[in-house]
Amino acid sequence: MSVAVTVTVTVTVTVAVTVAVADPVPVPVAGAVSALIPPPAYNQPMTDTRPESTIVIDGVTLHLARPVVEIPPWIGQREVLLQLLAAWTCFSDTDVPLNPRLLGKPGVGKTTLGCAAGEELGLEIYIVQATTDTRPEDLLVTPVLAPGGGIRYMASPLVTAMIRGGVCILDEGNRMSEKSWASLAPLLDHRRTVDSIAAGITIPAAPGFRFVTTMNDDASTYELPEYIHSRLMPQIVIDFPDEDEERAILRAQVGGVEDEVLDYVLGFLQASHLADLRYSVRDGLNIARYAMKLLHRHEAADAAAAVDTALRLALGDDAEPFFIGS
Ligand SMILES: Nc1ncnc2c1ncn2[C@@H]1O[C@H](COP(=O)(O)OP(=O)(O)OP(=O)(O)O)[C@@H](O)[C@H]1O
Ligand SMILES: [Mg+2]
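Numbering (this note's numbering), first residue to last: 671 to 996.
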């Protein structure tokens, strides 16, 4: 097979607008309208100044997707990171990387781990969110109407990762149908290509391309057929982080979190892991953030009251056993 590939990079001229907004100030009146508090500057709309990329493959121009930016660093659990990096290693010119699947409960860090491994290798990272109705063209190339008429071919994040030699994380892979997985079968073996029916082209993966899919072990919508399963090896299982790791993650991601709030939230997470409940670091992050917002607005008397309210709003009726008893 011979494939002609030309890369074109066009720069869109834009004006970057810097929005200077002060940090939110404490509001002394309980129940004050939150809209009065300006959000932090990083939440303001920004002009995207990154260049728009296109590539021509066999005479068809593909418009490429954007990589993910702002990836949180991976904390603790070094072993699973090393397992993923080993799966992606090539030990000779003829060796190909493996396409592992990351298994674990919702919120344990599967997507973050895929991103962290890509960061460690210095590769661009692209994420595809799989759903029960993801179609093969969603995974590959989608034709859309061009602004001036005609058809424009939009490369998916997966195809963009293939072309640019980046990492593709196919999130929630077990929610996707066999038909969609089948369109990836040639990508996930020695061929490392996909066929886009919509664009009428075969797209080869660059040598740097790496693939990983994540799957929740409690929400398998589709039982994948064996020929797909056997292409998604090895299986890397991620468990809840231990208490010290959870503390480090919460501290890193909830800037300015108070020690007392941190201790209460960690107590909740550890108790829920012991009881084999599904609450994860993500729940802990949300509860700690909400408790801190309540304290910031003087809407809770102290850290215990703030965490109790955050627990009640996050967990509903299931929150009671975890109340701190403010
Ligand atoms: N070891 C870790 N290091 C850094 N952040 C972590 C770690 N584990 C979890 N997190 C944080 O927890 C949150 C949830 O992680 P992530 O989205 O990767 O989970 P997930 O397993 O992919 O969840 P889902 O199954 O819902 O897609 C994120 O904010 C992530 O940064
Ligand atoms: Mg995920």
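Glycine included, C-beta positions come from ideal geometry on N, C-alpha and C.
On a predicted model such as this, the values are computed, not experimentally measured, just so you know.
Counting only runs that start and end inside the region 873-924, the alpha helix (DSSP H) elements of at least 4 residues fall at 896-899 and 913-923. Set against 7 angstroms, the gap from the CB of T724 to the closest heavy atom of ligand 2 is not smaller.
With 16 or more other CB atoms across the displayed protein chains lying within 10 angstroms of its CB, Y823 is buried. At the C-beta level, V907 and R959 stay beyond 8 angstroms of one another.
Taking a C-beta distance under 8 angstroms as the contact criterion, S850 and P877 do not qualify as a contact pair.
A Cβ-Cβ separation of about 25 angstroms leaves I741 out of contact with I873 under the 8 angstroms criterion. Ordered by chain, the residues meeting the criterion of a beta-carbon within less than 6 angstroms of a non-hydrogen atom of ligand 2 are K780, T781, D841 and T884.
In this structure, the straight-line span from the alpha carbon of D859 to that of T802 is close to 24 angstroms. Only exposed fits D765, as fewer than 16 other CB atoms lie within 10 angstroms of its CB. The count of Cβ pairs closer than 8 angstroms, one atom from the region 975-982 and one from the region 927-940, reaches three, so the stretches are in contact. With fewer than 16 other CB atoms across the displayed protein chains lying within 10 angstroms of its CB, L815 is exposed. At a Cβ-Cβ threshold of 8 angstroms, V882 and I839 count as neighbours. Proximity to R771 across Y949, V951 and L894 peaks at L894, based on C-alpha coordinates. Classified as exposed, Q905 has fewer than 16 neighbouring CB atoms from the shown chains inside 10 Å of its CB.
Under the three-state reduction of DSSP output, T804 falls in the coil class, being neither helix nor strand. Annotation for T830: L734, A735 and Y796 place their beta carbon closer than 6 angstroms to its own, counting only its chain and skipping 5 residues before and after. Taking a contact as a CB-CB distance under 8 angstroms, the pair Q747 and P911 counts as one, their CB atoms being some 6 angstroms apart. When secondary structure is reduced to three states using DSSP, Q799 falls in the strand class. When the Cα atoms are used, R901 and Y934 turn out to be separated by approximately 43 angstroms.
With at least 16 other beta carbons inside 10 angstroms of its own, R862 counts as buried. The residue among A825, R845, E790 and K780 with its C-alpha nearest the C-alpha of S950 is K780. Counting the other CB atoms within 10 Å of its CB gives M903 a total below 16, which places it among the exposed residues.
Following the DSSP letters along the chain, one finds M824 inside the beta strand (DSSP E) bounded by residues I821 to A825. When secondary structure is reduced to three states using DSSP, R771 falls in the strand class.
Distances from the CB of R748 to the heavy atoms of ligand 1 are all 7 angstroms or more. The beta-bridge partner set that DSSP reports for P813 consists of Y823. Annotation: I867 to P817 spans about 23 angstroms, alpha carbon to alpha carbon.
For secondary structure counted as the beta strand (DSSP E) over 3 or more consecutive residues, the region 830-859 holds these complete runs in sequence order: 837-841. Within a 10 Å sphere around the beta-carbon of I871 sit 16 or more other beta-carbons, which makes this residue buried. Assigned with DSSP and collapsed to three states, D865 falls in strand.
Ligand 1 approaches Q923 closely enough that one of its heavy atoms is under 7 angstroms from the residue's Cβ. H968 sits in coil when the DSSP states are folded into three classes, being neither helix nor strand. Take the alpha-carbon of S826 and the one of L773: they are about 24 angstroms apart.
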